[in-house]
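Sequential numbering from 286 applies to the sequence shown in the working numbering. What follows is a set of notes on a single structure, which appears directly below.
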Amino acid sequence: MTGFDMAVKIKGLHMKNPLIACSGTYGFGEIYRDYVPTSAWGGIALKTVTPKPRAGNPVPRLRETPAGLLNAIGLENPGLKAFRQSYLPAMDDMKTAVIVNISGFSVDDFKYMASSLDQETNIDALEVNISCPNIKHGGMQFGSDPESAAAVVRAVRENTYLPLIAKLSPNVTDITVIAKAAAGAGADAISLINTLVGMSIDIDTQKPFLGNTTGGLSGPAVRPVAVRMVYQTYKEVDVPIIGMGGITGWQDAVEFFLAGASAIGIGTANFGNPLAPVEIAQGIEAYALARGYSSLADLVGKAHSN
286 MTGFDMAVKI
296 KGLHMKNPLI
306 ACSGTYGFGE
316 IYRDYVPTSA
326 WGGIALKTVT
336 PKPRAGNPVP
346 RLRETPAGLL
356 NAIGLENPGL
366 KAFRQSYLPA
376 MDDMKTAVIV
386 NISGFSVDDF
396 KYMASSLDQE
406 TNIDALEVNI
416 SCPNIKHGGM
426 QFGSDPESAA
436 AVVRAVRENT
446 YLPLIAKLSP
456 NVTDITVIAK
466 AAAGAGADAI
476 SLINTLVGMS
486 IDIDTQKPFL
496 GNTTGGLSGP
506 AVRPVAVRMV
516 YQTYKEVDVP
526 IIGMGGITGW
536 QDAVEFFLAG
546 ASAIGIGTAN
556 FGNPLAPVEI
566 AQGIEAYALA
576 RGYSSLADLV
586 GKAHSN
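Written as structure tokens, this is what we have:
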């Protein structure tokens, strides 16, 4: 198919299509290479990197639900030093935009991460994770308070020239308040939503199933919440939105664009269908061409004008 422009530009982040592999679902880009080329994606958000190595939460860490997945990984990662030495060099061969997801437990942690990665030539953007619900310090506190969220985003903005994406938590009373704070502090884009806090109890042991007790719910179950938050946020901020949450097919993707997303993240769907990005991209293009659209921008926010 030809005649439809799928490209997305977010400040200095240029992507050939609007599909981004969500952080935490694609490792450091190596996990799915035997199933689908990384070039099928517009970008890949790598798993979260923190200043020091993290062992993560106790097992079990995953629990399937009827319409999604609970995870409590706890930001397991090798730490910044090992990431730069062992994983970052391989990013030269990714053939897609590389988005490094960073997190920390203090504003100084975020400053350190941003300044350390700023001069790396094979990173296309930073995604600031202030919303992970599986750690006991840092994520929830930063992501659920507008002043704290702004402080983190501002600290990163002052220490990097890379495009900056703020990944927000849905576990708040009003997502637009946090989004406006992040955008006002210098975020070039907003990604939402991260997972919703949930839990599962094993009726045989009569104890919480996850080793961390609670986890983050993703998958189709959260999609209506995510669409609503993208729709609300689109009316309140002047920066692009990367919508995510339960996208498994092209119809879901189109719904997010109509709500106001300029790009989308695909996460849980990868576990069941590694070819999801290929199929979704084809479906978006067919839908748009059938309606006479020439570019993705023609779809973004259409639900508001209609």
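Glycine included, each C-beta is placed from N, C-alpha and C at the ideal position.
(1) Check glycine 423 in the structure and name its three-state DSSP category.
(2) Between the beta-carbon of isoleucine 601 and the beta-carbon of isoleucine 329, is there less than 8 Å?
(3) Restricting to Cα atoms, I'd like to know which of Ala435, Pro322, Lys396, Asp378 is closest to proline 562.
(4) Between which two residues does the alpha helix (DSSP H) carrying threonine 350 extend?
(5) Going by DSSP, what residue range makes up the beta strand (DSSP E) through glycine 469?
(6) Out of Val413, Asn414, Ile460, Ala375, which has the shortest C-alpha to C-alpha gap to glutamate 405?
(7) Might you give, ordered along the chain, the residues of its own chain that have their beta carbon closer than 6 Å to the beta carbon of isoleucine 384, omitting 5 neighbours on each side?
(8) Taking the alpha carbon of glycine 534 as the point to measure from, which residue in Asn302, Ala566, Pro509 has its own alpha carbon closest?
(9) Look at the Cβ atom of leucine 447, then the Cβ atom of alanine 464, and state whether they are nearer than 8 Å.
(10) Opposite glycine 312 in the DSSP bridges: which residues?
(11) Apart from the five residues just before and just after glycine 423, which ones in its own chain have a Cβ nearer than 6 Å to its Cβ?
(12) Does the beta-carbon of tyrosine 311 have 16 or more other beta-carbons within 10 angstroms, so that it is buried, or is it exposed?
(13) Does the distance from the C-beta atom of lysine 603 to that of asparagine 444 stay below 8 Å?
(14) Considering only DSSP beta bridges, list what arginine 339 is partnered with.
(15) Could you tell me the alpha carbon to alpha carbon distance between aspartate 487 and isoleucine 408, rounded to whole angstroms?
(16) Just list the residues that DSSP pairs histidine 299 with in beta bridges.
(17) From the DSSP output, read off the bridge partner residues of asparagine 414.
(18) Are the CB atoms of glutamate 570 and methionine 300 nearer to each other than 8 Å?
(19) Taking the DSSP output, what are the residues bridged to serine 476?
Reading off the structure:
(1) Residue placement at glycine 423 is poorly supported in this model, since its pLDDT is 44, which falls under 50; the coordinates are not used for a value here.
(2) No answer is possible for residue 601: the residues shown for the chain start at 286 and end at 591.
(3) Among Ala435, Pro322, Lys396, Asp378, the Cα nearest to that of proline 562 is on Pro322.
(4) Going by DSSP, threonine 350 is part of no alpha helix (DSSP H) but of the beta strand (DSSP E) stretching over 347-350.
(5) Not the beta strand (DSSP E): glycine 469 falls in the alpha helix (DSSP H), residues 460-469.
(6) If we check each option's Cα against that of glutamate 405, Ala375 comes out closest.
(7) For isoleucine 384, where only same-chain residues beyond five positions count, the Cβ hits under 6 Å are Gly328, Ala330, Ala410, Glu412.
(8) Proximity to glycine 534 across Asn302, Ala566, Pro509 peaks at Ala566, based on C-alpha coordinates.
(9) Contact: no.
(10) According to DSSP, glycine 312 bridges with nothing at all.
(11) Low confidence applies here, because glycine 423 scores a pLDDT of 44, under 50, leaving its location unreliable; read the following figure in that light. Closer than 6 Å at the Cβ level, and outside the excluded window around glycine 423, lie Phe390.
(12) Label assigned to tyrosine 311: buried.
(13) A query on residue 603 cannot be resolved here, the shown segment of the chain reaching from 286 to 591 and no further.
(14) Beta-bridge pairing links arginine 339 to Asn362.
(15) Approximately 42 Å, taken between the alpha carbons.
(16) Answer is Lys294, bridged to histidine 299.
(17) Beta-bridge pairing links asparagine 414 to Lys452.
(18) Cβ distance not < 8 Å, so glutamate 570 and methionine 300 don't count as in contact.
(19) Answer by DSSP bridge pairing, in chain order: Lys452, Ile527.
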